[in-house]
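Data block below; observations after.
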Amino acid sequence: GAGVSQSPRYKVAKRGQDVALRCDPISGHVSLFWYQQALGQGPEFLTYFQNEAQLDKSGLPSDRFFAERPEGSVSTLKIQRTQQEDSAVYLCASSLDGTSGSPFTDTQYFGPGTRLTVL
Amino acid sequence: AQKVTQAQTEISVVEKEDVTLDCVYETRDTTYYLFWYKQPPSGELVFLIRRNSFDEQNEISGRYSWNFQKSTSSFNFTITASQVVDSAVYFCALRNYDNTPLVFGKGTRLSVIA
Numbered sequence: 001g002a003g004v005s006q007s008p009r010y011k012v013a014k015r016g017q018d019v020a021l022r023c024d025p026i027s028g029h030v031s032l033f034w035y036q037q038a039l040g041q042g043p044e045f046l047t048y049f050q051n052e053a054q055l056d057k058s059g060l061p062s063d064r065f066f067a068e069r070p071e072g073s074v075s076t077l078k079i080q081r082t083q084q085e086d087s088a089v090y091l092c093a094s095s096l097d098g099t100s101g102s103p104f105t106d107t108q109y110f111g112p113g114t115r116l117t118v119l
Numbered sequence: 120a121q122k123v124t125q126a127q128t129e130i131s132v133v134e135k136e137d138v139t140l141d142c143v144y145e146t147r148d149t150t151y152y153l154f155w156y157k158q159p160p161s162g163e164l165v166f167l168i169r170r171n172s173f174d175e176q177n178e179i180s181g182r183y184s185w186n187f188q189k190s191t192s193s194f195n196f197t198i199t200a201s202q203v204v205d206s207a208v209y210f211c212a213l214r215n216y217d218n219t220p221l222v223f224g225k226g227t228r229l230s231v232i233a
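Going down the list, the protein sequences come from chains A and B. For the first sequence, our numbering assigns the number 1 to the initial residue and increments by one for each residue that follows. For the second sequence, our numbering assigns the number 120 to the initial residue and increments by one for each residue that follows.
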């Protein structure tokens, strides 16, 4: 079946522009996660949804970052007034159920990421 | 606080050599999960294995094997008879039972040379 998809794959923005990054999770997956990966680093958590509810947004670096998942499926990560330090790869992951404790349902599967470059 | 350390930044091996990628973790929780992911040049993180803290059995899957040692807080990954297609960045990650976000190490870049 189809995996997690993200669009666009590449985005170049001028400093100060707003951007929107889209994530289509695996069909039927309840949990959705956003991570930020700086060059040469491991992914770092941004925010987490269970269905349409945003349960944890502790990793969002500033109030310029906003995420939503209004119908519990597709999610959008929006960055307002982009800065150069926002340049990174933004990864989306989904799992069938993030809190079950079962290896079959709470493993996170990742999309290919969106590489954002802010000039 | 949780932390994952992958001390090896880059490793180069010649094809058919065996290679071990190290992972050391820190957590105060008694129940937790450990993962390995592969990130090829395409950028997508590919899930390889998950291990929970109650299961210290080592696992083998084809050329891949994992050695989980709770006493030393390590979860090392060995590739036997490496191939060029194994070239990628490998990440070790940790997750609490209750907290769903993954905590990643900085990754080890493996280059397998033909």
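We treat Cβ as the ideally placed atom computed from N, Cα and C, and that holds for glycine. What you are looking at is a predicted structure, and each value in this text was computed from that prediction instead of being measured.
Contact list for the segment 217-228 of chain B against chain A, Cβ threshold 7 Å: Against chain A - using a Cβ distance shorter than 7 Å - the residues of the segment 217-228 of chain B are 219, 220, 221, 223, 224, 225 and 226.
Where do the ends of the beta strand (DSSP E) carrying residue 39 of chain A lie? Here residue 39 of chain A is taken as the residue at index 39 of the first sequence, counted from 1. Unbroken run through residue 39 of chain A: none, as it is neither H nor E.
Check residue 191 of chain B in the structure and name its three-state DSSP category. Position 72 of the second sequence, counted from the first residue, corresponds to residue 191 of chain B. In the structure shown, residue 191 of chain B adopts helical secondary structure according to DSSP, grouped into three states.
Anything in chain B within Cβ reach of residue 89 of chain A, meaning under 9 Å, just list it in chain order. Your numbering for residue 89 of chain A matches position 89 in the first sequence. Those are 162, listed as they occur along chain B.
Taking Cβ-Cβ distances shorter than 7 Å, what residues in chain B pair up with residue 42 of chain A? Numbered from 1 along the first sequence, position 42 holds the residue referred to as residue 42 of chain A. Residues of chain B passing the Cβ test: 210, 223, 224, 225 and 226.
With 16 other CB atoms within 10 Å as the buried threshold, where does residue 25 of chain A fall? Within the first sequence, numbered from 1, the residue matching residue 25 of chain A stands at position 25. The residue is buried, with at least 16 neighbouring Cβ atoms inside 10 Å.
Restricting to Cα atoms, I'd like to know which of B:123, B:199 and B:162 is closest to residue 179 of chain B. Position 60 of the second sequence, counted from the start, is the residue given in the question as residue 179 of chain B. Minimum Cα distance to residue 179 of chain B is reached at B:199.
Would you mind telling me which residues of chain B sit closer than 8 Å to residue 112 of chain A, beta carbon to beta carbon, in chain order? The sequence position of residue 112 of chain A within the first sequence is 112, counting from 1. Those are 161, 162 and 163, listed as they occur along chain B.
Pull up the distance between the alpha-carbon of residue 220 of chain B and that of residue 112 of chain A, whole angstroms please. Sequence index remark: in the second sequence, residue 220 of chain B carries index 101 (1-based). Sequence index remark: in the first sequence, residue 112 of chain A carries index 112 (1-based). Cα to Cα, the separation comes out at about 18 Å.
If I'm right that residue 93 of chain A touches residue 36 of chain A with Cβ under 8 Å, what's the distance once you round it to whole angstroms? The count along the first sequence starts at 1 and reaches residue 93 of chain A at position 93. The count along the first sequence starts at 1 and reaches residue 36 of chain A at position 36. With 8 Å as the limit, residue 93 of chain A and residue 36 of chain A do not qualify as a contact, their Cβ atoms being about 12 Å apart.
Starting from residue 133 of chain B, trace the beta strand (DSSP E) in both directions and tell me its first and last residue. Within the second sequence, the letter at position 14 stands for residue 133 of chain B. Per DSSP, residue 133 of chain B belongs to the beta strand (DSSP E) from 129-133.
From the DSSP output, which residues share a beta bridge with residue 216 of chain B? Locating residue 216 of chain B in the second sequence gives position 97, where the first residue counts as 1. Beta-bridge partners of residue 216 of chain B (DSSP): none assigned.
Burial state of residue 206 of chain B (16 or more Cβ within 10 Å): Taking the first residue of the second sequence as position 1, residue 206 of chain B is located at position 87. Classification of residue 206 of chain B: buried, given that the 10 Å Cβ count is 16 or more.
Exposed unless 16 or more other CB atoms sit within 10 angstroms - verdict on residue 125 of chain B: Numbered from 1 along the second sequence, position 6 holds the residue referred to as residue 125 of chain B. In summary, residue 125 of chain B is buried, with 16 or more beta-carbon neighbours lying within 10 Å of its beta-carbon over all protein chains present.
Compile a chain-ordered list of the residues in the segment 12-46 of chain A whose CB is closer than 7 Å to at least one CB of chain B. The segment 12-46 of chain A vs chain B, Cβ under 7 Å: 31, 33, 41, 42, 43 and 45.
Pairwise C-alpha distance: residue 115 of chain A and residue 14 of chain A: Counting from one through the first sequence, the residue named residue 14 of chain A turns up at place 14. Counting from one through the first sequence, the residue named residue 115 of chain A turns up at place 115. Note on geometry: alpha-carbon atoms of residue 14 of chain A and residue 115 of chain A lie some 14 Å from one another.
So, is residue 149 of chain B buried or exposed, given that buried needs 16 or more other C-beta atoms within 10 angstroms? Locating residue 149 of chain B in the second sequence gives position 30, where the first residue counts as 1. It is exposed - the Cβ of residue 149 of chain B has fewer than 16 other Cβ atoms within 10 Å.
Measuring straight from C-alpha to C-alpha, what distance separates residue 191 of chain B and residue 222 of chain B? One-based indexing of the second sequence puts residue 191 of chain B at position 72. One-based indexing of the second sequence puts residue 222 of chain B at position 103. Approximately 19 Å between the Cα atoms of the pair.
Would you call residue 28 of chain A buried or exposed, if buried means 16 or more other Cβ atoms sit within 10 Å of its Cβ? Taking the first residue of the first sequence as position 1, residue 28 of chain A is located at position 28. Exposed, since its Cβ has fewer than 16 Cβ neighbours within 10 Å.
Of the residues A:31, A:76 and A:62, which one's Cα is nearest the Cα of residue 85 of chain A? As a working note, residue 85 of chain A is residue 85 in the first sequence. Closest option to residue 85 of chain A, Cα to Cα, is A:62.
Option nearest residue 172 of chain B by Cα separation, candidates B:151, B:164 and B:159: Looking up residue 172 of chain B in the second sequence gives position 53. Nearest option by C-alpha distance: B:151.
From the DSSP output, which residues share a beta bridge with residue 13 of chain A? As a position in the first sequence, residue 13 of chain A is number 13, starting the count at 1. Paired residue(s): A:118.
Step through the CB atoms of chain B and report whether any lies within less than 9 Å of the CB of residue 59 of chain A. Counted from its first residue, the first sequence places residue 59 of chain A at position 59. It does; some Cβ of chain B falls within 9 Å.
Following the continuous beta strand (DSSP E) through residue 68 of chain A, name the residue where it begins and the one where it ends. Translated into positions along the first sequence, residue 68 of chain A becomes position 68. 65-68 is the span of the beta strand (DSSP E), which, as asked, contains residue 68 of chain A.
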